[in-house]
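A.B. asks: Just so we're aligned, residue 3 is where the sequence shown starts under the working numbering, counting upward by one.
A virtual CB, placed ideally from N, CA and C, is assigned to each residue, including glycine.
On a predicted model such as this, the values are computed, not experimentally measured, just so you know.
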Amino acid sequence: MTKTAFIAIVGLPNAGKSTVLNRLLGAKVAIVSDKPQTTRTRITGVLTRGETQLVFTDTPGFHKPRNLLGEKMAGAVSESIGGVDACLLVAEPFEQVPPALTELAAKLKEQNVPVILALNKTDTVPKKEKLLEMIHKLSRLCALEAAVPVSALKGSQMDELLAELEKLAVESVHYFPEDTLTDQPERVMAGEILREKLLRILDKEVPHGIAVEIERMRQRGDSGITDIDAVIYCEKTSHKGIIIGKNGETLKRAATRAREEMENFFQCRINLRCRVKVKEDWRNREGAIRSLGLG
3 MTKTAFIAIV
13 GLPNAGKSTV
23 LNRLLGAKVA
33 IVSDKPQTTR
43 TRITGVLTRG
53 ETQLVFTDTP
63 GFHKPRNLLG
73 EKMAGAVSES
83 IGGVDACLLV
93 AEPFEQVPPA
103 LTELAAKLKE
113 QNVPVILALN
123 KTDTVPKKEK
133 LLEMIHKLSR
143 LCALEAAVPV
153 SALKGSQMDE
163 LLAELEKLAV
173 ESVHYFPEDT
183 LTDQPERVMA
193 GEILREKLLR
203 ILDKEVPHGI
213 AVEIERMRQR
223 GDSGITDIDA
233 VIYCEKTSHK
243 GIIIGKNGET
253 LKRAATRARE
263 EMENFFQCRI
273 NLRCRVKVKE
283 DWRNREGAIR
293 SLGLG
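Okay, structure coming up:
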C-alpha cells in the first residue's frame, strides 16, 4: 500500500528551511546562504522511501513585504499553507516569540492544518530545558502534532523528524517516480546555483536586488559539454561594478564556484558564460518580475 503526504516547509527568513529540506532529501535542491529571503519561489523536493512518498514545498521566509517581489513571496507562503496535507514549521531558538512567527502561527491555526515543529539550530542552545520552553511557547500559538529539536547544519535528529513526517502520509498513489528529487527545471537549478554563489560573496544591499536568468542551456553535440549563458540582473549601475569586481575578479570567483557545483549536479562538463545587466527597480515592476519567472 503506497502512501503520500504533501508538506509545506514554512518559517521566518534565515530559520534554515532550505537546509532542513536538503538534509531530509539527502541532496541539495534548494540554495542556501546567510542572507534573508534567499528562497524566492516555491521549490518542490520529493523523498520516496519504500511505500511512502513525501512531497515537500520549500517556501520563501515569512516576512513583512518591502516591495512587489516581497508581496508575491508572502503570497506564495499563504497559498502553500492552504493546499497541503501538513506543514513543517522550522523555527530557530528565541527568547520571546518574534511577532512575525506569532503571525505565521496564527495563519497555520486558521488553516487547521497539522503542524510539525522542527526547532532548528539547537546546537547553539547549551541548556536543553530552554528548548522545552520554546516548544511550549509555540504550542500555545498553534497545535503541534509533534516537535523535534534538530540541527540541520550538523544533521542531528533528522531521522527522528523524518519519522514524524512519515506518520502524516495517507494511502495514495505516488505522484512522482521514486528517483525524482525535484520538479525544478534544469535552467532554474542552474540559475539558482549561480545566484547562491553571488549571495555568498556579495555583502550588504546588493544581493537582494540580484536575479539570474539562464538565456541558453544546450548540450554541445556528443562532446559531453553543456554551454550555459547566464544574465545577472541588478537594480543599480553602481551594483553592476560591485558584482563584476576589480578586473572582473568577483564575477569570475562566483562563476567558477557555480560551474564546479553545476558540473557535480548535472554530471557533465559545463561551459558557463556570465553577463551583468542593470534592470532598474525590477523588484517593484510586475513585468520584470514575471519575465524572470518570479511572479
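Tell me the rounded alpha-carbon separation between A298 and S174.
C.D. replies: Lying outside 3 to 297, the shown extent of the chain, residue 298 is not represented and no answer is given.
A.B. asks: Would you mind working out which of F8, A192 and I33 sits nearest A88, comparing C-alpha positions?
C.D. replies: Out of F8, A192 and I33, F8 has the C-alpha closest to the C-alpha of A88.
A.B. asks: Can you tell me whether S174 is helix, strand or coil according to DSSP?
C.D. replies: Looking at S174 - three-state DSSP - the assignment turns out to be coil, as it is neither helix nor strand.
A.B. asks: Considering only DSSP beta bridges, list what T228 is partnered with.
C.D. replies: Paired residues: Q221 and I272.
A.B. asks: When DSSP labels each residue in this structure, what does K248 get in the three-state scheme?
C.D. replies: K248: helix per DSSP, three-state reduction.
A.B. asks: Among E251, D36, T124 and I291, which has the Cα closest to the Cα of S158?
C.D. replies: It is T124 whose Cα lies nearest to the Cα of S158.
A.B. asks: Could you tell me if E263 is buried or exposed, where buried requires 16 or more neighbouring beta carbons within 10 angstroms of its beta carbon?
C.D. replies: Buried is the call here.
A.B. asks: Taking contact to mean 3 or more Cβ pairs, one atom from each stretch, closer than 8 angstroms, check whether the segment 144–163 and the segment 184–194 are in contact.
C.D. replies: The segment 144–163 is not in contact with the segment 184–194.
A.B. asks: Hey, would you say L103 sits closer than 9 angstroms to L140, going by beta carbons?
C.D. replies: Contact flag set, yes.
A.B. asks: With respect to the beta strand (DSSP E) encompassing D161, which residues constitute its N-terminal and C-terminal limits?
C.D. replies: Per DSSP, D161 belongs to no beta strand (DSSP E); it is in the alpha helix (DSSP H), M160 to E168.
A.B. asks: Across which residues does DSSP place Q55 in a beta bridge pair?
C.D. replies: In DSSP, Q55 forms a bridge with T6 and T50.
A.B. asks: Secondary structure at T61, three-state DSSP: helix, strand or coil?
C.D. replies: Three-state result, T61: coil.
A.B. asks: With distances taken from CA atoms, which of P95, A145 and L143 is nearest T126?
C.D. replies: The shortest C-alpha separation from T126 is found at P95.
A.B. asks: Distance, Cα to Cα, P62 vs I83?
C.D. replies: P62 and I83: Cα-Cα distance of roughly 12 angstroms.
A.B. asks: How far does the beta strand (DSSP E) with P151 in it reach, from first residue to last?
C.D. replies: Counting along the chain, the beta strand (DSSP E) containing P151 begins and ends at A148 to P151.
A.B. asks: Do you know whose CA, among N266, V208, A260 and R275, lies nearest G243's CA?
C.D. replies: Ranking N266, V208, A260 and R275 by Cα distance to G243 puts V208 first.
A.B. asks: Hey, how far is the Cα of E131 from the Cα of R292?
C.D. replies: Between E131 and R292, the C-alpha separation is close to 47 angstroms.
A.B. asks: DSSP three-state call for G193: helix, strand or coil?
C.D. replies: Helix, per DSSP.
A.B. asks: Tell me the DSSP bridge mates of G13?
C.D. replies: Paired residue(s): V92.
A.B. asks: Can you give me the C-alpha to C-alpha distance between V233 and I227, rounded to a whole angstrom?
C.D. replies: One C-alpha to the other measures close to 20 angstroms.
A.B. asks: What residue from A120, E217 and A32 has the CA that sits closest to T21's CA?
C.D. replies: The option with the nearest alpha carbon to T21 is A32.
A.B. asks: Where do the N-terminal and C-terminal ends of the alpha helix (DSSP H) with V117 fall, by residue?
C.D. replies: First-last for V117: V117 to L121, but that is the beta strand (DSSP E), not the alpha helix (DSSP H).
A.B. asks: Specify the secondary structure class of A213 as computed by DSSP and reduced to three states.
C.D. replies: Strand at A213.
A.B. asks: Report the option in C276, I11, D224 and I245 whose CA atom is closest to the CA atom of C270.
C.D. replies: Among C276, I11, D224 and I245, the Cα nearest to that of C270 belongs to D224.
A.B. asks: Taking F58 and L106 to be in contact with their CB atoms under 8 angstroms, please state how far apart those CB atoms are, rounded to whole angstroms.
C.D. replies: At roughly 17 angstroms, the Cβ-Cβ gap does not stay under 8 angstroms, so F58 and L106 are not in contact.
A.B. asks: How far does the alpha helix (DSSP H) with I137 in it reach, from first residue to last?
C.D. replies: Segment K130 to S141, the alpha helix (DSSP H) holding I137.
A.B. asks: Is it true that the CB of K5 sits closer than 9 angstroms to the CB of T46?
C.D. replies: Against a cut-off of 9 angstroms, the Cβ pair of K5 and T46 comes out as no contact.
A.B. asks: Buried or exposed for A213, going by 16 or more other Cβ atoms inside 10 Å?
C.D. replies: Classification for A213: buried.
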